[in-house]
Amino acid sequence: MAVTARRRAVSSVRCDAAGSVSVRLAFPCLQLGPRCTDREGDMRLRSRRAYSLAAAVSETPPQQRPEAGLVVSVRLHDSISEEGFHYLVFDLVTGGELFEDIVAREYYSEADASHCIQQILESVSHCHLNGIVHRDLKPENLLLASKSKGAAVKLADFGLAIEVQGDQQAWFGFAGTPGYLSPEVLRKDPYGKPVDMWACGVILYILLVGYPPFWDEDQHRLYQQIKAGAYDFPSPEWDTVTPEAKDLINRMLTINPAKRITACEALKHPWICQRSTVASMMHRQETVDCLKKFNARRKLKGAILTTMLATRNFSAAKSLLKKPDGVKESTESSNTTIEDEDVKARKQEIIKVTEQLIEAINNGDFEAYTKICDPGLTAFEPEALGNLVEGMDFHRFYFENALSKGSKPVHTILLNPHVHLLGEDAACIAYIRLTQYTDGGGRPRTMQSEETRVWHRRDGKWQNVHFHRSGSPTVPTK
Numbered sequence: 001m002a003v004t005a006r007r008r009a010v011s012s013v014r015c016d017a018a019g020s021v022s023v024r025l026a027f028p029c030l031q032l033g034p035r036c037t038d039r040e041g042d043m044r045l046r047s048r049r050a051y052s053l054a055a056a057v058s059e060t061p062p063q064q065r066p067e068a069g070l071v072v073s074v075r076l077h078d079s080i081s082e083e084g085f086h087y088l089v090f091d092l093v094t095g096g097e098l099f100e101d102i103v104a105r106e107y108y109s110e111a112d113a114s115h116c117i118q119q120i121l122e123s124v125s126h127c128h129l130n131g132i133v134h135r136d137l138k139p140e141n142l143l144l145a146s147k148s149k150g151a152a153v154k155l156a157d158f159g160l161a162i163e164v165q166g167d168q169q170a171w172f173g174f175a176g177t178p179g180y181l182s183p184e185v186l187r188k189d190p191y192g193k194p195v196d197m198w199a200c201g202v203i204l205y206i207l208l209v210g211y212p213p214f215w216d217e218d219q220h221r222l223y224q225q226i227k228a229g230a231y232d233f234p235s236p237e238w239d240t241v242t243p244e245a246k247d248l249i250n251r252m253l254t255i256n257p258a259k260r261i262t263a264c265e266a267l268k269h270p271w272i273c274q275r276s277t278v279a280s281m282m283h284r285q286e287t288v289d290c291l292k293k294f295n296a297r298r299k300l301k302g303a304i305l306t307t308m309l310a311t312r313n314f315s316a317a318k319s320l321l322k323k324p325d326g327v328k329e330s331t332e333s334s335n336t337t338i339e340d341e342d343v344k345a346r347k348q349e350i351i352k353v354t355e356q357l358i359e360a361i362n363n364g365d366f367e368a369y370t371k372i373c374d375p376g377l378t379a380f381e382p383e384a385l386g387n388l389v390e391g392m393d394f395h396r397f398y399f400e401n402a403l404s405k406g407s408k409p410v411h412t413i414l415l416n417p418h419v420h421l422l423g424e425d426a427a428c429i430a431y432i433r434l435t436q437y438t439d440g441g442g443r444p445r446t447m448q449s450e451e452t453r454v455w456h457r458r459d460g461k462w463q464n465v466h467f468h469r470s471g472s473p474t475v476p477t478k
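First residue of the sequence shown: 1, per UniProt numbering; consecutive thereafter.
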């Protein structure tokens, strides 16, 4: 197969539980043998072994095929096999995640949440009508077609999807993401299309208040909550949500799948089809604030996998289960204290080096910045317009033209820093960054962004190898 492309960029690297790696590439121009297109596309490169493990329907459900002409899900344009690999060419979806777009909006209401879930339900309804159960509905798989205002929401990643006949219920295996799993899956009962509606209920709950209905650091306790349907609508955040919205959530989060609302029924619910008169138009700032924190936690979990892939050190996670050198296997409190103090000190070290990096940015000190960052630093940030950038050249431009030394003073505060250690030589940190500055008129201003940074220690020195930032750009607006 002859593949030629300009401006190729790796958009993501994914490793599944079986250890199979999937690389996604964005190709602005593709030539596939005699076939050629000038439209942008997204290509996934998968090993044949990984492809054979997932049934064809899992990667290419009917609603994704070109002849369907569907706009509610990411469309598959081509499928090519060559020398042990399978190439899948999808739509290039440039709008980013729906949840990231919501927190960047100046106005967000219950009616907006109704419109979002309506688009999701339309996608799910189309899947179910075509005999497809997605099984992995979650924020990461809800993408916007473009960066244009009002862009369509597209359902992505059918890697766990299954094909069913009508309302067939069967045990198709344990699959999905913990917080979005349905009670019947956790009980290992036969299941079908209703599992997607349960996940929609979880997503709608988050859309309205910015946090999930089921949450616990301990996965066993989380699963117990889900199986019991143990959620509520606590005050004060739910006091301003209309009864109709709560009713739809209750119908989606019904424990008995036979009594759970279907996608077609949900689309006829008054809160959806009569939103202009039923859904509240009040701006929900607290929801946006909570959603920013929720997004930051999700990005931290994703960054953990990025670190493991980038360092090629999967054994690092195992070292978390081992005692530090010099600490014996014992139940004595002194040993626990030693371990806790060591962990605390290492976390503070990550916070400190992050603060040093931010200080270098504020001071416009590119030399100091390059000493803290890996030469192959990768980044997702607003300035890159949704692209993954690699290396220092992209950042050098801003240091030389907008962050030069001697410019107006900038003050930065890191709020709620959360550090996750991965063995001895890798760590992730997620935080909210508040930047204070004065604009061209001398007026004080404040910007906010949510950041996740991945650190790796080489030769005893911490270096930033990847970061993801959403919200405001680094450079203050004039």
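Cβ coordinates follow ideal geometry from the N, Cα and C atoms, glycine included.
Computed from a prediction, not measured in an experiment: that's the story for all the values here.
Kindly indicate the opening and closing residues of the alpha helix (DSSP H) around residue i.
{"i": "Ile372", "result": "Phe366 to Ile372"}
{"i": "Lys401", "result": "Reading the sequence as shown, one finds Asn at residue 401 and not Lys. Asp393 to Asn401 is the span of the alpha helix (DSSP H), which, as asked, contains Asn401."}
{"i": "Trp198", "result": "Pro194 to Val209"}
{"i": "Leu253", "result": "Note, Leu253: premise wrong, no alpha helix (DSSP H); not H, not E."}
{"i": "Lys268", "result": "Element bounds for Lys268: n/a, residue is neither H nor E."}
{"i": "Arg453", "result": "Premise fails: Arg453 lies in the beta strand (DSSP E), Pro444 to Arg458, not in any alpha helix (DSSP H)."}
{"i": "Val93", "result": "That residue, Val93, is in no alpha helix (DSSP H); it is neither H nor E in DSSP."}
{"i": "Leu186", "result": "Pro183 to Leu186"}
{"i": "Lys227", "result": "Gln219 to Ala228"}
{"i": "Leu144", "result": "That residue, Leu144, is in no alpha helix (DSSP H); its beta strand (DSSP E) goes Leu142 to Leu144."}
{"i": "Leu129", "result": "Glu110 to Leu129"}
{"i": "residue 499", "result": "The first residue shown for the chain is 1 and the last is 478, placing residue 499 beyond what the model contains."}
Under 8 Å by Cβ, that's how I've got residue i and residue j pegged, so tell me the actual separation to the nearest angstrom.
{"i": "Val209", "j": "Trp238", "result": "7 Å"}
{"i": "Pro213", "j": "Tyr231", "result": "4 Å"}
{"i": "Glu163", "j": "Gly131", "result": "5 Å"}
{"i": "Val153", "j": "Gln119", "result": "4 Å"}
{"i": "Ala279", "j": "Thr240", "result": "At roughly 12 Å, the Cβ-Cβ gap does not stay under 8 Å, so Ala279 and Thr240 are not in contact."}
{"i": "Glu355", "j": "Gly376", "result": "Their Cβ separation, rounded to whole angstroms, is 23 Å, which puts Glu355 and Gly376 out of contact at 8 Å."}
{"i": "Lys138", "j": "Ala199", "result": "7 Å"}
{"i": "His456", "j": "Arg275", "result": "Going by Cβ atoms, the distance from His456 to Arg275 rounds to 47 Å, so no, they are not a contact pair."}
{"i": "Asn295", "j": "Ser470", "result": "7 Å"}
How many Å lie between residue i and residue j at the Cα?
{"i": "Glu184", "j": "Lys227", "result": "8 Å"}
{"i": "Leu421", "j": "Cys428", "result": "7 Å"}
{"i": "Pro382", "j": "Arg297", "result": "19 Å"}
{"i": "Ile249", "j": "Cys273", "result": "15 Å"}
{"i": "Phe158", "j": "His134", "result": "6 Å"}
{"i": "Met281", "j": "Leu143", "result": "24 Å"}
{"i": "Ile80", "j": "Val89", "result": "9 Å"}
{"i": "Glu341", "j": "Lys347", "result": "10 Å"}
{"i": "Asp425", "j": "Leu388", "result": "24 Å"}
{"i": "Thr438", "j": "Lys268", "result": "50 Å"}
{"i": "Glu400", "j": "Ile361", "result": "11 Å"}
{"i": "Ile203", "j": "Phe99", "result": "10 Å"}
{"i": "Leu30", "j": "Asp136", "result": "The pLDDT assigned to Leu30 is 35, lower than 50, so where the model puts this residue is not dependable, and the model offers no usable value."}
{"i": "Asp247", "j": "Val465", "result": "46 Å"}
{"i": "His468", "j": "Val454", "result": "9 Å"}
{"i": "Arg14", "j": "Ala379", "result": "Low local confidence applies: a pLDDT of 42 at Arg14 is under 50, so the model's placement there is unreliable, and no value is given."}
{"i": "Glu140", "j": "Tyr180", "result": "12 Å"}
{"i": "Leu414", "j": "Gly201", "result": "33 Å"}
{"i": "His220", "j": "Met392", "result": "43 Å"}
{"i": "Pro270", "j": "His418", "result": "41 Å"}
{"i": "Tyr87", "j": "Phe233", "result": "46 Å"}
{"i": "Gln225", "j": "Ala345", "result": "34 Å"}
{"i": "Ala156", "j": "Ile117", "result": "15 Å"}
{"i": "Asp325", "j": "Glu349", "result": "With a pLDDT of 44 at Asp325, under the threshold of 50, the modelled position of that residue is not reliable, and the figure given next carries that caveat. C-alpha separation (whole angstroms): 19 Å."}
Terminal residues of the continuous beta strand (DSSP E) containing residue i?
{"i": "His420", "result": "His411 to Leu422"}
{"i": "Gln436", "result": "Ala426 to Thr438"}
{"i": "Gln168", "result": "Neither: Gln168 is in no beta strand (DSSP E) and is coded neither H nor E."}
{"i": "Glu381", "result": "Here Glu381 belongs to no beta strand (DSSP E), and DSSP marks it neither H nor E."}
{"i": "Glu390", "result": "Leu388 to Glu390"}
{"i": "Leu155", "result": "Val153 to Leu155"}
Return the residue from the list the options that minimises the CA-CA distance to residue i.
{"i": "Ile351", "options": "Thr452, Lys292 and Asn130", "result": "Thr452"}
{"i": "residue 500", "options": "Leu204, Glu359, Tyr180 and Val419", "result": "Residue 500 is absent from the model: the chain starts at 1 and stops at 478."}
{"i": "Met252", "options": "Thr378, Glu97, Gly229 and His466", "result": "Gly229"}
{"i": "Asp101", "options": "Ile261, Ser449 and Thr438", "result": "Ser449"}
{"i": "Arg396", "options": "Asn387, Glu367 and Gln436", "result": "Glu367"}
{"i": "Ala104", "options": "Glu140, Glu217, Met197 and Val288", "result": "Val288"}
{"i": "Ile147", "options": "His115, Lys188, Asn416 and Ala384", "result": "Per the sequence shown, the amino acid found at residue 147 is Lys instead of Ile. The option with the nearest alpha carbon to Lys147 is Ala384."}
{"i": "Leu291", "options": "Ile206, Pro236 and Gly442", "result": "Ile206"}
{"i": "Leu222", "options": "Asp189, Met197, Ser235 and Thr177", "result": "Thr177"}
{"i": "Leu121", "options": "Asn363, Asp189, His411 and Lys193", "result": "Lys193"}
{"i": "Lys259", "options": "Ala430, Met197 and Ala145", "result": "Met197"}
{"i": "Asp167", "options": "Trp215, Tyr191 and Ser123", "result": "Tyr191"}
Is any beta-carbon of chain D found at less than 8 Å from that of residue i?
{"i": "Asp232", "result": "The chain inventory of the structure shown lacks chain D, comprising one protein chain alone."}
> Any chance the region 370-381 sits against the region 452-467, with 3 or more Cβ pairs inside 8 Å?
Replying inline: yes
> Any chance the region 172-182 sits against the region 107-120, with 3 or more Cβ pairs inside 8 Å?
Replying inline: no
> Is the number of C-beta pairs between the region 115-131 and the region 260-267 that are closer than 8 Å three or more?
Replying inline: yes
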